[in-house]
Amino acid sequence: MVARVFIVVIALVAGLAPLSARRQPAATRDALILITLDGVRWADMFGGLDTGILRSTLAKDARLEDSAAYKRFNAATPAERREMLMPFFWKELMAKHGSIAGNRALGSSVGVTNTHRFSYPGYSEILTGEAHDDVIKSNDRIQNPYRTVLEELRERLSLPAAGVAAFGSWEVFNEISEHTPGNLTINAGYEAFESRDPAVSELSRMQFQTPTAWDSARYDAYTFYLAMAHLRAARPRVVYLALDETDDWAHGGRYDRVLDALSRTDGYLKELWTWLRSQPDYQRTHILITTDHGRGHTTEDWKTHGAKIEGAQETWMAFISPAMTQRGEWRNQPELHTNQVAATIASWMGVDWTAGRPGVGKPIK
Ligand SMILES: [Zn+2]
Numbered sequence: 002m003v004a005r006v007f008i009v010v011i012a013l014v015a016g017l018a019p020l021s022a023r024r025q026p027a028a029t030r031d032a033l034i035l036i037t038l039d040g041v042r043w044a045d046m047f048g049g050l051d052t053g054i055l056r057s058t059l060a061k062d063a064r065l066e067d068s069a070a071y072k073r074f075n076a077a078t079p080a081e082r083r084e085m086l087m088p089f090f091w092k093e094l095m096a097k098h099g100s101i102a103g104n105r106a107l108g109s110s111v112g113v114t115n116t117h118r119f120s121y122p123g124y125s126e127i128l129t130g131e132a133h134d135d136v137i138k139s140n141d142r143i144q145n146p147y148r149t150v151l152e153e154l155r156e157r158l159s160l161p162a163a164g165v166a167a168f169g170s171w172e173v174f175n176e177i178s179e180h181t182p183g184n185l186t187i188n189a190g191y192e193a194f195e196s197r198d199p200a201v202s203e204l205s206r207m208q209f210q211t212p213t214a215w216d217s218a219r220y221d222a223y224t225f226y227l228a229m230a231h232l233r234a235a236r237p238r239v240v241y242l243a244l245d246e247t248d249d250w251a252h253g254g255r256y257d258r259v260l261d262a263l264s265r266t267d268g269y270l271k272e273l274w275t276w277l278r279s280q281p282d283y284q285r286t287h288i289l290i291t292t293d294h295g296r297g298h299t300t301e302d303w304k305t306h307g308a309k310i311e312g313a314q315e316t317w318m319a320f321i322s323p324a325m326t327q328r329g330e331w332r333n334q335p336e337l338h339t340n341q342v343a344a345t346i347a348s349w350m351g352v353d354w355t356a357g358r359p360g361v362g363k364p365i366k
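Every letter in the sequence shown is one number past the one before it in my numbering, and letter 10, counting from 1, is 11.
The following block contains the structure:
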């Protein structure tokens, strides 16, 4: 009898976290979607079309008013312009379901803590909660030297490999997303995606028929729709969606295409949100949307970013979570940092990422 009680107690203590996770009925389970939009400036997020930058990209004798981007996205005020650019994000997501920090005009700042201000260090800071400036200092395809919060969530929630998935347009997400190869389901860069659905197989095949100009990144449409296919088929609890086009179009000086990419992304968010709301097992889904770095502020340096570019450390962060009640824009608050993303998304899933990790950022409440 004593022995039997002892065994029960041990089993309860040992299995506490996974047990409580498993006990949650499918209809009310927590799910998490992390989304990053590469190198999107806070000025563009909060102010929409910047006419000074657009003009600087046009031919000397061209009229601003004749440009397609101006016709599509110009309006009188920053609030109107951003709603032209991302109507669903502003009028639905931020108005009714979530909030966004990083509008410096309102006293809300978000920034990276790494000093490099480019992609791999930014994404690693997002996924590990810490900058490692001496170790992570290039965009090379190096396996992440540090365990990521995605791997931790898989282990702590006792999920299968398909239950935690990363879909990225940039191929380096194969390495950034996990410390231990094979821990997660990853589809990034030009990579085939296997599916029994003929339409999804065709989509996977087409990515190789439509090369971008950027070598290491495919178009975001493939990344998004393959992620949606995985959501529908495998019902993952944790998905990381890493979109890229905003950064590559900016490096190429195509501000009009940056705006196009943001506009398309708004459509993806609408499609994702509509689908999540229609699925009984995704009713409690937490979404965090952010970027890996900013870019320059001026018509000279908006295309670029890096340690020497003023503004490249400035970012933004949006939260759509049943755990948060705030709506709309954050105002007058202490600066938030990219190194808080890992602990924040982990806390939404009932996991403490800060325990035993003194260097990581604290959860945002
Ligand atoms: Zn980047």
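Where a beta carbon is used, it is the ideal one built from N, C-alpha and C, also for glycine.
The structure presented is a predicted model; accordingly, all values stated were derived computationally and were not measured.
| query | result |
| --- | --- |
| Ligand 1 heavy atom lying under 7 Å from the CB of Ser120 | yes |
| Ligand 1 heavy atom lying under 7 Å from the CB of Gly312 | no |
| Whole-Å CB distance - Ser125 paired with Tyr147, under 8 Å assumed | 7 Å |
| Proximity winner among Met318, Tyr283, Ala200, relative to Glu336 (alpha-carbon distances) | Met318 |
| Own chain, CB closer than 7 Å to Thr211, minus 5 neighbours either side, in chain order | Tyr220 |
| For Val111, the three-state DSSP class (helix, strand or coil) | strand |
| Segment contact flag, the segment 293-311 with the segment 64-82, C-beta cutoff 8 Å, min 3 pairs | no |
| Under the three-state DSSP convention, the category Gln280 falls into | coil |
| Per-residue burial, Glu144 [other beta carbons within 10 Å of its own, 16 or more giving buried] | Sequence inspection shows Gln at residue 144; the Glu mentioned does not correspond to that position. Its Cβ having fewer than 16 others within 10 Å, Gln144 is exposed. |
| Touching by the beta-carbon criterion (3+ pairs, under 8 Å), the segment 124-138 and the segment 323-335 | no |
| Residues sharing a beta bridge with Met350, DSSP | Paired residue(s): none; Met350 is not in a bridge. |
| Between the CA atoms of Trp43 and Lys92 - distance to the nearest angstrom | 18 Å |
| Identity of the residues DSSP links to His338 by a beta bridge | Gly112 |
| Contact between the segment 80-100 and the segment 58-67 (3+ Cβ pairs under 8 Å) | no |
| Inter-residue spacing [alpha-carbon to alpha-carbon] between Ala163 and Leu55 | 42 Å |
| Through-space distance from Arg155 to Val342, alpha-carbon basis | 17 Å |
| Buried versus exposed, by CB contacts within 10 Å (16 or more), Trp250 | buried |
| Helix, strand or coil at Gly53 [DSSP, three-state] | helix |
| Span of the beta strand (DSSP E), counted from its first residue to its last, around Thr305 | Segment: none, Thr305 is in no beta strand (DSSP E) and carries neither H nor E. |
| Reference Asp293, options Thr37, Pro237, Phe90, Arg30, closest by Cα | Thr37 |
| Per-residue DSSP class, three states only, for Gly164 | helix |
| Beta-carbon proximity check, Ala228 vs Val240, cutoff 8 Å | yes |
| Residues that Met318 bridges to, as DSSP identifies them | Ala102, Thr291 |
| Nearest-angstrom Cβ-Cβ length linking Glu153 and Ala347, presumed shorter than 8 Å | 7 Å |
| Given 8 Å, three or more beta-carbon pairs between the segment 348-360 and the segment 100-112 | no |
| Local conformation of Tyr269 per DSSP, three classes | helix |
| Same chain, Cβ closer than 7 Å to Glu209, five either side skipped, listed in chain order | Looking at the sequence shown, residue 209 is not Glu but Phe. Contacts found: Tyr191. |
| His98 Cβ short of 7 Å to ligand 1 heavy atom set | no |
| Cβ-Cβ distance between Ile187 and Ser196 below 8 Å | no |
| Beta strand (DSSP E) segment containing Tyr241, residue limits | 239-244 |
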